[in-house]
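Under UniProt numbering, the first residue of the sequence shown is numbered 1, with each subsequent residue one higher. A virtual CB, placed ideally from N, CA and C, is assigned to each residue, including glycine. Keep in mind the model is a prediction, meaning the values are calculated, not measured. What follows is one structure encoded as structure tokens, with my remarks underneath.
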Amino acid sequence: MEDAAPADLRDAGTPATVPGRPGAVAGPPGGVTHHRTEGDGWVECACGRRHWGRFGAAGLLLVRRDAAGAPVAVVLQHRAPWSDQGGTWGVPGGALAPDEPATVGALRESAEEAGIDPAHVRVLGTSTLEHPDWSYTTVLADEVEPVEPQATDAESVEVRWVPVEDVPGLPLLPAFADAWPGLLARLEAPAAG
Numbered sequence: 001m002e003d004a005a006p007a008d009l010r011d012a013g014t015p016a017t018v019p020g021r022p023g024a025v026a027g028p029p030g031g032v033t034h035h036r037t038e039g040d041g042w043v044e045c046a047c048g049r050r051h052w053g054r055f056g057a058a059g060l061l062l063v064r065r066d067a068a069g070a071p072v073a074v075v076l077q078h079r080a081p082w083s084d085q086g087g088t089w090g091v092p093g094g095a096l097a098p099d100e101p102a103t104v105g106a107l108r109e110s111a112e113e114a115g116i117d118p119a120h121v122r123v124l125g126t127s128t129l130e131h132p133d134w135s136y137t138t139v140l141a142d143e144v145e146p147v148e149p150q151a152t153d154a155e156s157v158e159v160r161w162v163p164v165e166d167v168p169g170l171p172l173l174p175a176f177a178d179a180w181p182g183l184l185a186r187l188e189a190p191a192a193g
């Protein structure tokens with residue numbers, strides 16, 4: 001589900017295309033691939049911040065439940081040091097392509113960055129953080145078939161299941177830290193989502 005980036009979105013600093021992988025380019029470091037979309041790029045928002053994703057961004061908050069249905073762990077991504085707000089933890093996600101629904105983008109990004117098969121999740125709902133010129137949608141989902149996430153590109157130091165009680169103790173991406181209590185409450189709600 002990779003989209004080839006048009007030539008006009010590439011600059012002299014962009015690594016070469018990976019043979020046999022349309023839309024994938026080599027690096028950043030270590031020869032791992034990075035999947036480009038037309039949505040890659042910064043938005044200068046009226047809130048005073050820069051946000052990644054020309055058409056917004058989305059990520060997947062995947063939950064594992066116990067036999068009683070309570071959330072016990074979520075998949076989190078430890079962001080590479082070179083990335084924006086590197087060294088923090090958040091959900092696998094990224095820039096949306098033009099006209100790409102947030103749920104589709106979150107599933108695409110989690111497959112690219114964490115090896116999560118969309119067929120192994122059930123979408124529960126979404127939570128959207130709206131800014132004047134940009135938005136980020138967190139897609140909440142249940143694991144319905146076993147998922148063993150892994151870092152599949154250079155954007156991650158690691159991707160793994162994190163017990164829900166351990167999440168607040170991690171150095172979280174600030175926006176995710178702010179959103180976590182509300183997201184967890186939605187995951188704990190009987191209707192979950």
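CA-to-CA distance, residue j to residue i, given in whole angstroms
i           : j           : result
residue 146 : residue 135 : 30 Å
residue 149 : residue 184 : 20 Å
residue 125 : residue 82  : 31 Å
residue 40  : residue 102 : 15 Å
residue 57  : residue 65  : 26 Å
residue 170 : residue 99  : 34 Å
residue 73  : residue 164 : 5 Å
residue 80  : residue 176 : 16 Å
residue 140 : residue 62  : 6 Å
residue 37  : residue 166 : 33 Å
residue 97  : residue 105 : 7 Å
residue 186 : residue 116 : 22 Å
residue 54  : residue 42  : 6 Å
residue 121 : residue 48  : 36 Å
residue 127 : residue 154 : 27 Å
residue 70  : residue 168 : 18 Å
Minimum Cβ-Cβ distance from residue i to chain D less than 9 Å
i           : result
residue 187 : The chain inventory of the structure shown lacks chain D, comprising one protein chain alone.
DSSP beta-bridge partners of residue i
i           : result
residue 127 : 138
residue 104 : In DSSP, residue 104 forms no bridge with anything.
residue 201 : Beyond the ends of the chain as shown, which are 1 and 193, falls residue 201; an answer cannot be given.
residue 44  : 50
residue 114 : BP columns for residue 114 are empty, so no partner.
residue 56  : 54
Rounded distance between the beta-carbons of residue j and residue i, thought under 8 Å
i           : j           : result
residue 107 : residue 90  : Their Cβ separation, rounded to whole angstroms, is 16 Å, which puts residue 107 and residue 90 out of contact at 8 Å.
residue 94  : residue 109 : 4 Å
residue 152 : residue 113 : 6 Å
Simplified DSSP state of residue i, which is helix, strand or coil
i           : result
residue 210 : It is not possible to answer for residue 210, since the shown part of the chain is limited to 1 through 193.
residue 147 : coil
residue 186 : helix
residue 156 : strand
residue 167 : helix
residue 71  : strand
residue 89  : strand
residue 109 : helix
residue 179 : helix
residue 80  : coil
beta-carbon residue i near the ligand HEM non-hydrogen atom, thresh 8 Å
i          : result
residue 58 : In the structure shown, the ligand HEM is absent, as is every other ligand, since no ligand is present at all.
Open item on the list: Does the structure place the region 123 to 133 close enough to the region 155 to 167 that three or more beta carbon pairs sit under 8 Å?
Closed with: no
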